[in-house]
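Notes to accompany the following structure.
2 protein chains.
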Amino acid sequence: MSDFAGWMHARKERLERALETVLPPATLSPTRLHEAMRYAVLGGGKRVRPLLAFAAGELASANPQRVERVAAAVELIHVYSLVHDDLPCMDDDVLRRGRPTCHVAFDEATALLVGDALQTLAFHLLAEQPLAQEAASHLDMIRLLATAAGSRGMAGGQAIDLESTGRELSLPELEIMHIHKTGELIRAATLLGARCGEGLSAGEIERLDRFSKFAGLAFQVIDDVLDAESDTATLGKTAGKDAHQNKPTYVSLLGASRARAFAGELRSQALQALDVFGERAQRLRELIDFIVLRIH
Amino acid sequence: MSDFAGWMHARKERLERALETVLPPATLSPTRLHEAMRYAVLGGGKRVRPLLAFAAGELASANPQRVERVAAAVELIHVYSLVHDDLPCMDDDVLRRGRPTCHVAFDEATALLVGDALQTLAFHLLAEQPLAQEAASHLDMIRLLATAAGSRGMAGGQAIDLESTGRELSLPELEIMHIHKTGELIRAATLLGARCGEGLSAGEIERLDRFSKFAGLAFQVIDDVLDAESDTATLGKTAGKDAHQNKPTYVSLLGASRARAFAGELRSQALQALDVFGERAQRLRELIDFIVLRIH
């Protein structure tokens, strides 16, 4: 087994090629929209969700082409949410992945359409065949992504976020917001990757589900810490935004040091959920460390 | 066969109930988002696309529950596009279906999320089973909707529209814009309705495809005429917007009278495409008249 950095690099390369292929070329009409879609998606990002899909897919001995498609679809949903989240009527942010946000580089109306079209593309991609042995299972996977992205998942988390700005949240309320806003899609990435294969039992899928929930929450806690402690150049997006916008975060509720400790606990629980897999879950273990120890 | 008005009323009722059921209740968290989704979708609209799906489905002797689902999914996509299209960064409109637009009744950020979540819900609904005898055909139907809605379909049409505002367009350029912006989804509604059944031959589907293309363009030509000639109270949306925004339309290119004549020609060609079906296509014939002769 190659080292983690090498594994990660290779998977990110494969994802990039998959995204390159699935995105319409910038020379195709409407060219400005296609150019903006490619600008928003390609050449940046930590790609945490796709990496989780790859690692879970490999654990389930899944067909690599299927996992690639699932990884790309989840990333398209993630990027659409970033593009819309950065719009003036939402977070009004100018910097993302170290570059001007989509509506700054292009314009607001184009960025709106970029997000819309990226979401459509994600479902288009996921409806290509075959993703699973059984058609019922394939449809189930499409619904899994839709549930994770929709009003009871990611979009719902954004709505809770809107309602929460400027309010005091309790720790459980904050957790509910983040389970929706980031957790659901991280969970979907992991489960969809695994479900591309037939290699895991229902019990093992259940352990993976548990892992993904802890991983998603740990990701968000660290995100809050980095927003508070890091600088804009390191993050590649505007730092200190949460405090500036008076958003409740794990740092505002717990302080940075206890938030870091909480992320550590979540990491332990995520690792524990992987025990059943032994050596086979090595990549997922490395990914949870990547999530918790990252500096941007 | 009952009269057309009765048929239409019954189908709109069924659609309304289907939408009522598929939309999350307004009491479910996040309540403001769910309330806004219901506000945007329920209790209004001509429902032309669903009616085309119903008529085509009945022509193909399709299972009514399947057709209902397809009709609702297409309408969700249509409403999401209206909600986003009305936003300040796009058409900046305050009136839709005789009521304040979603971002006026709620707020911009919520309207953005409403559109996003409605699109997700459309694909969720379309991935419920079974829609077709063959799984491959079901997946094909999901891709058909995605193609119609995406950057080479409806969203692409919006992008071409953005690029065209204030410019002179030739008649072919205008047609290309509208084929994308409205035509593709009207085509998808018709074909998806038909494909819920097994009753039509490939040749018959091809005729239906031809019909839907003429119907879609006729719909848009009449839309342009009504925007120029009707008043806001009758339309339930702001009249005279195209001229005000200096948008190229069939009226600005042809004048209202020649535009109406053009719609009449498109109607004739749509009807001709239906010849092969004889009496069985009566509802579709009535629908093309409904589209061309409507006053709002």
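Protein sequences, first through last, are from chains C and G.
Counting in the numbering used here, the first sequence runs from -6 upward without gaps.
Counting in the numbering used here, the second sequence runs from -6 upward without gaps.
Even glycine gets a Cβ: it sits at the ideal position worked out from N, Cα and C.
- Look at the beta carbons and you see the stretch 230 to 241 of chain G not touching the stretch 196 to 207 of chain G: under three pairs across the two are nearer than 8 Å.
- Listed by position along chain G, the residues whose Cβ is nearer than 9 Å to that of His71(C) form an empty set, because the closest Cβ is around 13 Å away.
- Shown here, Leu162(C) sits in coil according to DSSP, grouped into three states, outside any helix or strand.
- By the beta-carbon neighbour count (other beta carbons within 10 angstroms, threshold 16), Glu127(C) is exposed.
- Between Asp282(C) and Ala252(C), the gap from beta carbon to beta carbon reaches 8 Å or more.
- In its chain, beyond the 5 residues on either side, Arg89 have a beta carbon closer than 7 Å to the beta carbon of Leu75(G).
- Taken in chain order, the whole alpha helix (DSSP H) runs of length 4 or more contained in the stretch 66 to 138 of chain C are 95 to 98 and 101 to 119.
- Look at the beta carbons and you see the stretch 235 to 248 of chain G touching the stretch 158 to 171 of chain G: at least three pairs across the two are nearer than 8 Å.
- Within chain G, not a single residue places a beta-carbon under 7 Å from that of Gln265(C); the smallest gap is close to 30 Å.
- By the beta-carbon neighbour count (other beta carbons within 10 angstroms, threshold 16), Leu164(C) is exposed.
- Secondary structure at Ile179(C): helix, using DSSP grouped into helix, strand and coil.
- For Ala102(C), the chain G residues whose Cβ falls inside 7 Å of its Cβ are Cys82, Met83 and Leu155, in order along the chain.
- Contact annotation, Leu118(C) with Ala181(C): C-beta distance approximately 14 Å; criterion of less than 8 Å not satisfied.
- Look at Gly233(G) here: in three-state DSSP terms it is coil, with no helix or strand label.
- Closest option to Pro23(G), judged by alpha-carbon separation, among Ala152(C), Cys82(C), Ile179(C) and Leu162(C): Ala152(C).
- No Cβ of chain G is located within less than 8 Å of the beta carbon of Thr14(C).
- Contact annotation: Ala254(G) and Phe207(G) have beta-carbon atoms that are not nearer than 8 Å.
- Under the 8 Å criterion on CB atoms, Gly143(C) is classed as interfacial with respect to chain G.
- Taking 8 Å as the CB threshold, Met1(C) stays off the interface with chain G.
- In this structure, Ala148(C) and Leu16(G) do not form a Cβ contact; the two beta carbons are roughly 14 Å apart against a cut-off of 8 Å.
- The shortest CA-to-CA distance from Gly248(G) to any of Pro43(G), Asp220(G), Phe99(G) and Leu277(G) is the one to Asp220(G).
- If you ignore the 5 residues before and after Leu21(C), its C-beta comes within less than 7 Å of the C-beta of His27, all in its own chain and listed in chain order.
- Boundaries cannot be given for Lys240(C), as no alpha helix (DSSP H) includes it and DSSP labels it neither H nor E.
- By the beta-carbon neighbour count (other beta carbons within 10 angstroms, threshold 16), Arg4(G) is buried.
- For Ile135(C), the closest Cβ of chain G is nearer than 8 Å.
- In the structure shown, the three-state DSSP call for Ile288(C) is coil.
- For Ile153(G), the enclosing alpha helix (DSSP H) begins and ends at Met147 to Ser157.
- Using a CB distance cut-off of 8 Å, Phe116(C) counts as an interface residue toward chain G.
- A direct Cα-Cα distance of roughly 34 Å separates Leu259(G) from Glu121(C).
- In chain order, Cys189 and Gly190 place their CB closer than 6 Å to the CB of Ala55(C), counting only its own chain and leaving out the 5 sequence neighbours on each side.
- As the crow flies, the alpha-carbon of Leu8(C) is around 49 Å from that of Glu279(G).
- Counting of Cβ neighbours within 10 angstroms places Arg10(G) among the exposed residues, the total staying below 16.
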